[in-house]
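Protein chains in written order, with my numbering: chain A, 287 to 826; chain B, 602 to 835.
In this text, a Cβ means the ideal position worked out from N, Cα and C, and glycines have one as well.
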Amino acid sequence: MDAEPKQNYLNADYGMLSWLLTKDHKRIAILYLVSISVMFALGGVFALLIRLELLTPGPDLMSSDMYNRTFTTHGIIMVFFFLIPSIPAVLGNFLIPLMIGARDLAFPRINLLSWYIYILGATTSMIAIMVSGIDTGWTFYTPYSTSSSTTAVVPVAVGVFITGFSSILTGLNFLVTIHRMRAPGLTWFRLPLFVWAHYATSIIMILGTPVVAITILLVGMERALHLGIFDPALGGDPLLFQHLFWFYSHPAVYIMILPPMGVISELVTAFTRKRIFGYSFVAISSLAIAFLGFLVWAHHMFVTGLSIYAALIFSFLSFFVAIPSAVKVFNWTATLYKGSVSFEAPMLYAMGFIGLFTIGGLTGLFLASLGTDVHLTDTYFIVAHFHYVMVGGAIMGYLGGIHFWWPKITGRMYPEVPARVAALLVFIGFNLTFFPQFVLGYLGMPRRYHFYVDEFQVLNVMSTAGASILGLGYLLPAFYLVWSLYKGPVAGPNPWRAYGLEWQTSSPPPTENFETTPVVTHEAYDYEAFDFEAVRPQEV
Amino acid sequence: MSSSVATAAHRGHQHPVAAEVHHHFHHQHQFDSAEQQYEASTLGMWIFLVTEIMFFGGVFTAYVQYRTAFPEGFGHASNHLDLTLGAFNTAVLIASSLTMALAVHASQLGKRGRLVMYLLLTMALGSVFLGVKAFEYAHKFHEHLVPGPHFQFPEPHARAAQIFFSLYFAMTGLHALHMVIGIGIMVVLTVQAARGRFGHNYHTPIEISGLYWHFVDIIWIFLFPLLYLIHRHV
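Written out as structure tokens, the structure reads:
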């Protein structure tokens, strides 16, 4: 095994301050990794509390008020403080400059600023939640949030508002970096698909986030200054809030799912040792998802009394999003065909992603259909649907990516056996948690209540049992990944024999990423040529 | 290392554009050349302005929604805005955009004195705008036109008028906040300009701040007709 490089970004400088004032994109990625892991653990605790409460049909762990606060807190933490920053801020931050052969992002100081903004926003919301809680649901629907709720709506919303700017700055930084800082020879259609996915994500971040920012600001002003913008008692229109909110929050779903899609493209090619099937279709489908994602928001509002013609159009457009999503799934599957597939832990997560995302995506079509949506709205069906996309999709992709690039980030390999066990636990636990919820929802169990009829108990017990397995699956990596920092075998620059510029430099990389700026002469994922080069010396 | 990826000599540092730059200006380490840094900064500001358009887009959407719902009430409410002051402020702001453009021009030519003068002029005009705005706000307080418990407006348009003034304060308030930030940026730039930080080959901060200032100006160009002019005498 190769020795670790003497000089790398981790040992370039020492002490707390060298981390807190760093402008190195790789160190900022680590700062994000630590902070979002804390938020993930917190959000997970609230998820387990919800599942514990739902073990029995009656209220036994908490009051209705407390239950409202619990699911709201779970949603707000997971959506705004974990899922949205997860892959872009950690893996995107770390990998985009490496993948395009740059020394750093275009604006390193803004990158560090975005982390501080994130911390400020997260702290604001968390303090507000600890002091008085919030019970509006993560969607802050008016007029309840502006005129009825007695909880800390404004401080929590301010935290979300602040965090939005961190997202905007990250997107801005990525866009400029991808446009202006690619290595010589790295044309747009030679870019890794991970970079394409982040390009599309960044577009959504810069176009969508400001709209939710102004919406939250208006809610804050309405509550604090008694303006009448959304409150019907003052002539305002509560539906306007939902339009503005979902104009961001639906595309935000794609902020959460596009980056893991980029991760999956990297994993599937590396573990089948093949070129991706239909590179340009996969690349452009990311942009298509970003574009179409802005045209479908009102499918969250079919039962609000929206005009039937508007509903028809939004339903039609929602079906359209399925096309680029399916392009990706089919192309990954086609890439597997006749590949030399191997099932290391990252690939297990990738396979899990493909299956679970497909279920999550297809059940989305039930909700895009006007008729079935009326039956399924606000039931556990919808809870199961978006968890299949967010947890089965986004978190699977995130964990797959963390494992795949762990040797690049830390210079050490994680232990393979526990990692495969964890991946299996996550998959089994996940399905056991959320599949019964599809059935529950179809049978009519509403979301956001902690009472239910006795007939639903068996399925709820299954779901809670699954949640504990899932929790275990998430805890395991925390232990062995930390263990590998000290005891893991030294990884060397390219333990997966993977293609891509990030594997051409040492692990962990030096502060400036490359000794000399690379020049790219081949398209992405040219594994056939790559493997041929690798064996040639022996043959000759 | 795979032979599929060749390597080239380290780009930058010897780049011709970088070589002729002032002795006190070095492009940042992540860039290969001063030119690349300039292009990246400018693109960054344009993207930021796109987010600003979306940000204001939210309130403009709210405005359109309520203007359509309450056309009469909005017409009556907008009669209470002072057209003369609004028009005067529009002229002031357009003039400030001119002085800002002249400041950018001066910085490109490397004329330090003129740059400082135009920046000061731009700040002065911006302050005049904010002063007039503050006077208008105070007037609204006296007339009980600030939404909330003390809001008074003759029926039957009281509710629509309250929404109008909610939007008026939200939109002009956000715009004024952007102006305050712009003036703050210009204070820093003026100090730096006076110390000679900018020359004919380094003026990126002046240029991108100019973009920001023109953007704030354009927002007002939309606010003025929407709030002051449309259907005044319904």
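Considered as a whole, the region 460-516 of chain A harbours 479-511 as its complete alpha helix (DSSP H) runs of no fewer than 4 residues, in chain order.
Interface criterion not met: the Cβ of residue 724/B is under 7 angstroms from no Cβ in chain A. Around the beta carbon of residue 389/A, 16 or more other beta carbons lie within 10 angstroms, which makes this residue buried. In the structure shown, residue 805/A adopts extended strand secondary structure according to DSSP, grouped into three states. When the beta-carbon positions are compared, residue 484/A and residue 516/A stay at least 7 angstroms from each other. Within chain A, the residues placing a beta-carbon under 9 angstroms from that of residue 749/B are 511, 512, 513, ordered along the chain.
Excluding the 5 residues flanking it on each side, residue 654/A has same chain C-beta neighbours closer than 7 angstroms at 585, 601, 604, 605, in chain order. The beta carbons of residue 642/A and residue 666/A sit no closer together than 7 angstroms. Contact residues of the region 666-695 of chain A toward chain B are absent (C-beta to C-beta distance below 7 angstroms).
Nearest Cα to residue 297/A within the set 687/A, 696/A, 770/A: 696/A. Contact annotation: residue 797/B and residue 711/B have beta-carbon atoms that are not nearer than 7 angstroms. If you draw a straight line from the Cα of residue 308/A to the Cα of residue 398/A, it is about 7 angstroms long.
Beta bridge pairing from DSSP links residue 698/A with 776/A. For residue 617/A, the enclosing alpha helix (DSSP H) has its first and last residue at 594-622.
For residue 484/A, there are no C-beta contacts with chain B under 9 angstroms, since the nearest C-beta of that chain is about 14 angstroms from it. Counting along the chain, residue 351/A sits inside the alpha helix (DSSP H) bounded by residues 350-362.
Listed along the chain, the chain A residues whose CB falls inside 8 angstroms of the CB of residue 710/B amount to none; the nearest CB is some 26 angstroms away. Judged by their CB atoms, residue 537/A and residue 564/A are not nearer to each other than the 7 angstroms cut-off. Contact annotation: in the region 449-462 of chain A, residues whose CB is within less than 7 angstroms of a CB in chain B are 454, 458, 461, 462. With respect to the 7 angstroms criterion, residue 679/B and residue 833/B are classified as neighbours on the basis of their beta carbons.
Fewer than three Cβ pairs drawn from the region 335-348 of chain A and the region 368-383 of chain A lie within less than 8 angstroms of each other, which leaves the two stretches out of contact. Taking C-beta separations shorter than 6 angstroms and ignoring five residues to either side along the sequence, the partners of residue 795/B in its chain run 717, following chain order. Excluding five sequence positions before and after residue 806/B, the CB atoms of its chain that fall closer than 7 angstroms to its own CB belong to 790, given in chain order. Assignment of residue 732/A by DSSP, reduced to helix, strand and coil, places it in the strand class. With 16 or more other CB atoms across the displayed protein chains lying within 10 angstroms of its CB, residue 704/B is buried. With a threshold of 16 other beta carbon atoms within 10 Å, residue 453/A meets it and is buried. By the beta-carbon neighbour count (other beta carbons within 10 angstroms, threshold 16), residue 339/A is buried.
With a cutoff of 7 angstroms on beta-carbon distance, residue 700/A and residue 770/A are scored as near each other. Using a CB distance cut-off of 7 angstroms, residue 521/A counts as an interface residue toward chain B. For residue 528/A, the enclosing alpha helix (DSSP H) starts and ends at 524-558. Excluding the 5 residues flanking it on each side, residue 684/A has same chain C-beta neighbours closer than 7 angstroms at 372, 373, 546, in chain order. Distance between residue 707/A and residue 405/A, taken at the CA atoms: about 33 angstroms. Between the C-alpha atoms of residue 720/B and residue 738/B there is a straight-line separation of about 27 angstroms. Annotation for residue 339/A: the continuous alpha helix (DSSP H) segment containing it runs 311-339.
Secondary structure at residue 676/B: helix, using DSSP grouped into helix, strand and coil. If the five residues before and after residue 490/A are omitted, its C-beta is found closer than 7 angstroms to the C-beta atoms of 537, 540, 541, 576, 579, all from its own chain and listed in chain order.
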